[in-house]
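As numbered in my numbering, residues 7 to 383 make up the sequence shown, in order. Using N, Cα and C, we set each Cβ at its ideal position, and we do this for glycine too. Structure record follows, encoded as structure tokens.
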Amino acid sequence: MTPAADAARRTGARRAVLLLPAGLALLAGLDAALLLLGLPAPVRADRLPQVHGVLMVLGFVGTLVALERAVALGRGWGYLSPGFLGAGGLLLISPADLRVGQSLLVLGTAVLLALYFRFWRRQPGPALLAQAAGAVAGLGAALLWLGGLDVPRLLPWLAAFLVLTIAGERLELARVAVLAPRTEQTFLACVAAVLTGTVATLLWPAPGTLLLAAALLALVAWLITYDVARRMLRARGLPRFSAACLLAGYAWLGLAGALWLIEGPITEGSRYDAVVHCVFLGFVISMIMAHAPVILPAVLRRPLPYRPVFAVPAWLLHLSLALRILVGDLRDSTSAWRVGGSLNIVAVLLFVVTAATLSVTAGAVRRPRPQPSETTR
Ligand code: HEM
7 MTPAADAARR TGARRAVLLL PAGLALLAGL DAALLLLGLP APVRADRLPQ VHGVLMVLGF
67 VGTLVALERA VALGRGWGYL SPGFLGAGGL LLISPADLRV GQSLLVLGTA VLLALYFRFW
127 RRQPGPALLA QAAGAVAGLG AALLWLGGLD VPRLLPWLAA FLVLTIAGER LELARVAVLA
187 PRTEQTFLAC VAAVLTGTVA TLLWPAPGTL LLAAALLALV AWLITYDVAR RMLRARGLPR
247 FSAACLLAGY AWLGLAGALW LIEGPITEGS RYDAVVHCVF LGFVISMIMA HAPVILPAVL
307 RRPLPYRPVF AVPAWLLHLS LALRILVGDL RDSTSAWRVG GSLNIVAVLL FVVTAATLSV
367 TAGAVRRPRP QPSETTR
């Protein structure tokens, strides 16, 4: 192995260590999901169902986002963000006092915000502003949770964290097609409205939720119109797969906005399950599936070749979510909700196993064979 390849391998291994807590948070979150569905689960800790939501959003997805940002910054202190978020997630599922884990999540989101300030000094722009607004919402969610607010009331903050982070990344890519300044201003107006609506849900729940819902619908309309996804749908292979995941994700986010618009503040029951998972499974997990074959190799320095088999977990996710939400939640069928929810778990696990298998086997194929001179040394 050349020194450069060896250094890349060691860098990848160090980053994989930070990815491990995110993986454990995902597994614990899925175990908690089984318990919340009223089904048997491998681990039955009392606290798991209580922490499922924040564990998934900040412990799992938050760590992934922070790791990707830290890699992009390339400074040692940047890794404190995924480090704190990952450790915070692990402490949530440990017997330690809940406030210890909650405090680490506050630190992790605070460092993430600091990362964006650092990026801003390098290259300010509307995409970065949207991502920083997302980090403000993430920090707000972590602080409010530490302060004792229950998850249903701070849910808009968790949603805004990931929606704005992802929307900012999509704007970055849309700009490849050179957008008119007014188009970017419209995007920023949507971002500002999402953040304002999120804050307003705390103070005036009904009008705040209306504003948040309208802002999300406007953002979805912007994304569908200007994102490169619609054009990529005509391509083949990975671009087509990513485009399909992106457009399906926008549709689920649109449904979340519509539900909030029609129902107002929802904090419990089947409509709550629907709005939560339209955002986090339909939109966020679909976005992760769309970006994984591009982002994971950059972060882990391991190849992750695209194969058509990726479409299997993606189809399963969207079909099972349709069963869970459209039939289970919106038509009040408990069995459809339970079957759909269980298949959601299978879809997420299947995607992880598929990605891990393809990455490991691709690595094995590419590893150079030892030269005769090396084996005899
Ligand atoms: C993979 C399959 C999943 C299943 C079966 C599942 C199941 C559930 C259930 C049954 C609830 C309770 C809903 C209620 O109180 O009415 C819930 C809440 C929640 N879930 Fe999931 N979930 C899954 C994935 C996710 C993911 C990937 C995320 C985030 C990235 C997430 C975030 C949340 C949040 C934020 C809540 C609200 C928690 C609270 O109010 O305390 N879920 N989930």
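For residue i, the nearest candidate out of the options (CA to CA)
i           : options            : result
residue 66  : 93, 19, 102, 145   : 93
residue 143 : 334, 161, 131, 276 : 161
residue 52  : 245, 102, 307, 91  : 102
residue 76  : 238, 17, 269, 12   : 17
residue 21  : 354, 246, 176, 303 : 303
residue 290 : 42, 40, 363, 167   : 167
residue 295 : 361, 210, 32       : 361
residue 305 : 115, 9, 24, 12     : 24
residue 276 : 312, 324, 347, 189 : 347
residue 219 : 26, 321, 268, 137  : 268
residue 316 : 298, 191, 49       : 298
residue 149 : 191, 339, 64, 326  : 64
Cα-Cα separation, residue i to residue j
i           : j           : result
residue 204 : residue 194 : 15 Å
residue 341 : residue 132 : 44 Å
residue 375 : residue 244 : Residue placement at residue 375 is poorly supported in this model, since its pLDDT is 46, which falls under 50; the coordinates still yield a value, given next. Each residue's Cα considered, the two are about 29 Å apart.
residue 328 : residue 180 : 28 Å
residue 165 : residue 323 : 19 Å
residue 377 : residue 333 : Residue placement at residue 377 cannot be trusted, given a pLDDT of 44 that sits under 50; what the coordinates show is reported in the next sentence. Computed Cα separation, rounded: 60 Å.
residue 206 : residue 69  : 27 Å
residue 236 : residue 250 : 8 Å
Whole-Å CB distance - residue i paired with residue j, under 8 Å assumed
i           : j           : result
residue 197 : residue 265 : Between residue 265 and residue 197 the Cβ distance is about 21 Å, and since that is not below 8 Å, they are no contact.
residue 397 : residue 60  : Because the chain here runs from 7 to 383, residue 397 falls outside it and cannot be looked at.
residue 248 : residue 309 : Residue 248 to residue 309, Cβ: 17 Å. No contact.
residue 214 : residue 171 : Actually they do not touch by this definition, with Cβ atoms about 21 Å apart.
residue 123 : residue 79  : 11 Å between Cβ atoms; not a contact.
residue 40  : residue 34  : Contact doesn't hold; Cβ gap of about 11 Å is too wide.
residue 217 : residue 231 : The Cβ separation is near 21 Å, so there is no contact.
residue 98  : residue 49  : Not quite, the Cβ-Cβ distance comes to about 13 Å (not below 8 Å), so this is no contact.
Distance CB(residue i)-CB(residue j) smaller than 8 Å
i           : j           : result
residue 28  : residue 55  : no
residue 104 : residue 90  : no
residue 222 : residue 262 : yes
residue 158 : residue 273 : yes
residue 226 : residue 256 : yes
residue 62  : residue 286 : yes
residue 199 : residue 270 : no
residue 155 : residue 116 : no
residue 95  : residue 31  : yes
residue 252 : residue 284 : no
residue 331 : residue 36  : no
* **alpha helix (DSSP H) runs wholly inside the stretch 77-108, at least 4 long, in chain order** => For the stretch 77-108, whole alpha helix (DSSP H) runs of length 4 or above, ordered along the chain, are 86-98.
* To do: Would you list, in sequence order, the uninterrupted alpha helix (DSSP H) runs of no fewer than 4 residues that lie entirely inside the stretch 259-312?
  => 275-283, 292-306
* Asked: Considering only residues of the stretch 133-207, which uninterrupted alpha helix (DSSP H) runs meet the minimum length of 4 residues and lie entirely inside it, listed in chain order?
  -> 157-180
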